[in-house]
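K.L.:
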Amino acid sequence: MTQRFALIIDPVHADEERADYADSFTVVDATAPALSVGELSTQRGDGVFESIGVINGHAQEVIAHLERLANSAHLCDLPVPHQEQWRQAVAVAAAECSPGEAVIKLILSRGVEHGPTPTAWVTAAPASDFSRVRGEGVRVVTLDRGYDLDVAERAPWLLLGAKTLSYAVNMAALREARRRGADDAIFLSTDGFVLEAPTASLILRFGDRFVTPAPAGGILHGTTQLSVYEYLSGRGFETGYDRIPATDLPSADAAWLVSSLRLAAPITAIDAHPIPTVPALTSDLNHYLLSPRD
Ligand code: PLP
Numbered sequence: 023m024t025q026r027f028a029l030i031i032d033p034v035h036a037d038e039e040r041a042d043y044a045d046s047f048t049v050v051d052a053t054a055p056a057l058s059v060g061e062l063s064t065q066r067g068d069g070v071f072e073s074i075g076v077i078n079g080h081a082q083e084v085i086a087h088l089e090r091l092a093n094s095a096h097l098c099d100l101p102v103p104h105q106e107q108w109r110q111a112v113a114v115a116a117a118e119c120s121p122g123e124a125v126i127k128l129i130l131s132r133g134v135e136h137g138p139t140p141t142a143w144v145t146a147a148p149a150s151d152f153s154r155v156r157g158e159g160v161r162v163v164t165l166d167r168g169y170d171l172d173v174a175e176r177a178p179w180l181l182l183g184a185k186t187l188s189y190a191v192n193m194a195a196l197r198e199a200r201r202r203g204a205d206d207a208i209f210l211s212t213d214g215f216v217l218e219a220p221t222a223s224l225i226l227r228f229g230d231r232f233v234t235p236a237p238a239g240g241i242l243h244g245t246t247q248l249s250v251y252e253y254l255s256g257r258g259f260e261t262g263y264d265r266i267p268a269t270d271l272p273s274a275d276a277a278w279l280v281s282s283l284r285l286a287a288p289i290t291a292i293d294a295h296p297i298p299t300v301p302a303l304t305s306d307l308n309h310y311l312l313s314p315r316d
């Protein structure tokens with residue numbers, strides 16, 4: 023995937039009010055170097071980010087992503103991004119996206135070492151093709167995340183509810199899943215509860231009830247999971263947030279990994295135990311997730 027568009031945001035103060043923030047954006051050559059070697063995002067992964075799905079030029083759930091970016095920034099003691107300024111930056115990037123599926127990334131880093139301000143930028147590029155995982159599904163393995171369910175509250179400096187740039191652990195978990203012959207992973211807490219996937223939320227179906235692990239357990243609250251719940255509630259299904267013991271996984275009537283770019287990928291097996299799939303519902307979910315959502 024090649025970067026097609028990038029702009030640097032000159033962050034303004036959180037309570038600044040103006041109608042147009044265009045003069046705080048600098049469009050740069052997306053294929054040329056743009057960051058200083060002193061950047062703490064690259065040196066330490068010290069920053070936060072968001073990935074927004076774009077469908078035919080429409081950026082999905084922008085405000086939900088900006089709210090989560092603000093929450094991540096708050097958890098990391100970074101200046102909270104100015105929502106309207108970033109919304110306008112997303113609109114500029116979305117206008118550059120070709121028809122089809124694309125991805126807009128928002129990055130807010132602590133900036134250059136010893137520098138005065140954070141560094142902030144937005145990129146847009148074509149998205150990978152996720153049609154196979156949406157259709158055929160994914161086999162997952164469970165992996166110990168090494169923390170118990172209450173660690174987020176006990177040790178907030180682990181930043182577990184923030185979407186930080188430090189994704190090396192998540193990528194290592196995906197490689198381990200592949201080594202074990204699976205496509206993806208589900209993290210478990212050391213006390214035996216289900217958490218999330220390295221880059222997606224998990225939704226399980228038991229009868230006509232859909233459950234996802236409660237975000238209080240140190241996981242990211244997924245924007246796609248929230249959209250899926252809105253859709254399912256509209257169809258009369260019960261939805262909820264629970265502490266889900268890993269021992270419940272084999273009895274799920276269906277399960278999905280959901281995230282902003284892949285959308286809903288049905289899980290076909292967990293630790294080699296087959297999980298039933300419901301292709302018609304998965305197709306309805308993806309149809310809904312591909313429709314314009316604000
Ligand atoms: N959990 C983690 C760890 C993620 O990285 C992601 C997305 O990248 C998600 C959940 C799903 O979030 P969203 O649906 O907002 O993309």
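When we follow the numbering used here, the leftmost residue of the sequence shown carries the number 23, and every step to the right adds one. Cβ atoms here follow ideal geometry from the backbone N, Cα and C, with glycine treated the same way.
Would you say the beta carbon of T299 comes nearer than 7 Å to a heavy atom of ligand 1?
P.N.:
no
K.L.:
Around the Cβ of L29, are there at least 16 other Cβ atoms within 10 angstroms (buried) or fewer (exposed)?
P.N.:
buried
K.L.:
Please report the distance separating the alpha-carbon of W179 from that of P237.
P.N.:
17 Å
K.L.:
Going by the C-beta, is N192 closer than 7 Å to any heavy atom of ligand 1?
P.N.:
yes
K.L.:
Along the chain, which unbroken stretches of the beta strand (DSSP E) at least 3 residues long are found entirely within the segment 117-198?
P.N.:
Runs of beta strand (DSSP E) with 3 or more residues, each lying fully within the segment 117-198, are found at 123-131, 141-148, 160-166, listed in chain order.
K.L.:
Under 8 Å by Cβ, that's how I've got E123 and I77 pegged, so tell me the actual separation to the nearest angstrom.
P.N.:
Indeed they touch by this definition, with Cβ atoms about 6 Å apart.
K.L.:
Beta-carbon separation of I289 and G159 under 8 Å?
P.N.:
For the 8 Å CB-CB criterion, I289 and G159 form a contact.
K.L.:
Counting Cβ pairs closer than 8 Å, one from the segment 274-287 and one from the segment 182-198, do we hit at least three?
P.N.:
Per the Cβ contact rule, the segment 274-287 is not in contact with the segment 182-198 (fewer than 3 Cβ pairs under 8 Å).
K.L.:
Taking the straight line between their C-alpha atoms, what separation do you get for L254 and D316?
P.N.:
17 Å
K.L.:
How big is the Cα-Cα spacing for Y310 and V216?
P.N.:
26 Å
K.L.:
Out of A268, R227, S120, A142, which one is the CA nearest neighbour of A92?
P.N.:
A142
K.L.:
Closest to G240 by C-alpha separation, out of A190, H104, K185, would be which residue?
P.N.:
K185
K.L.:
Helix or strand or just coil, what does DSSP make of D264?
P.N.:
strand
K.L.:
Check A286 in the structure and name its three-state DSSP category.
P.N.:
strand
K.L.:
On the DSSP bridge assignment, give the partners of G69 in chain order.
P.N.:
Residue pairing by DSSP places G69 opposite S131 in a beta bridge.
K.L.:
Check whether the Cβ of A244 lies closer than 7 Å to any heavy atom of ligand 1, and answer yes or no.
P.N.:
At residue 244 the sequence reads Gly, which differs from the Ala that was named. Because some heavy atom of ligand 1 lies under 7 Å away, the Cβ of G244 counts as near it: yes.
K.L.:
Give me the Cα-Cα distance between P121 and L210, rounded to the nearest whole angstrom.
P.N.:
38 Å
K.L.:
For G69, does the count of other Cβ atoms within 10 angstroms reach 16, so buried, or fall short, so exposed?
P.N.:
buried
K.L.:
Does the Cβ-Cβ distance between L128 and V114 come in under 8 Å?
P.N.:
no
K.L.:
Starting from the Cα of A36, find the closest Cα among Q105, I266, R132 and give me that residue.
P.N.:
Q105
K.L.:
If I292 sits next to P267, beta carbons under 8 Å apart, how far is it from one beta carbon to the other, in whole angstroms?
P.N.:
Actually they are not in contact, since the Cβ atoms of I292 and P267 sit about 13 Å apart, beyond 8 Å.
K.L.:
Should A95 go down as buried or exposed, given a rule of 16 or more other Cβ atoms within 10 Å for buried?
P.N.:
buried
K.L.:
Does the pairing of the segment 219-226 with the segment 242-254 give three or more beta-carbon distances under 8 Å?
P.N.:
Contact between the segment 219-226 and the segment 242-254 is present, because at least three Cβ pairs lie under 8 Å.
K.L.:
For ligand 1, is there any heavy atom lying closer than 7 Å to the beta carbon of Y247?
P.N.:
It should be pointed out that residue 247 corresponds to Gln in this sequence rather than to Tyr. Checking the Cβ of Q247 against ligand 1 gives yes.
K.L.:
Does the Cβ of M23 have 16 or more other Cβ atoms within 10 Å, making it buried, or fewer, making it exposed?
P.N.:
Low confidence applies here, because M23 scores a pLDDT of 46, under 50, leaving its location unreliable; read the following figure in that light. Exposed: under 16 other Cβ atoms inside 10 Å.
K.L.:
Could you tell me if G133 is buried or exposed, where buried requires 16 or more neighbouring beta carbons within 10 angstroms of its beta carbon?
P.N.:
Answer is buried; the Cβ neighbour count reaches 16.
K.L.:
Under 8 Å by Cβ, that's how I've got D170 and T212 pegged, so tell me the actual separation to the nearest angstrom.
P.N.:
5 Å
K.L.:
M23 by DSSP, collapsed to three states: which one?
P.N.:
Residue placement at M23 cannot be trusted, given a pLDDT of 46 that sits under 50; what the coordinates show is reported in the next sentence. It is coil, neither helix nor strand.
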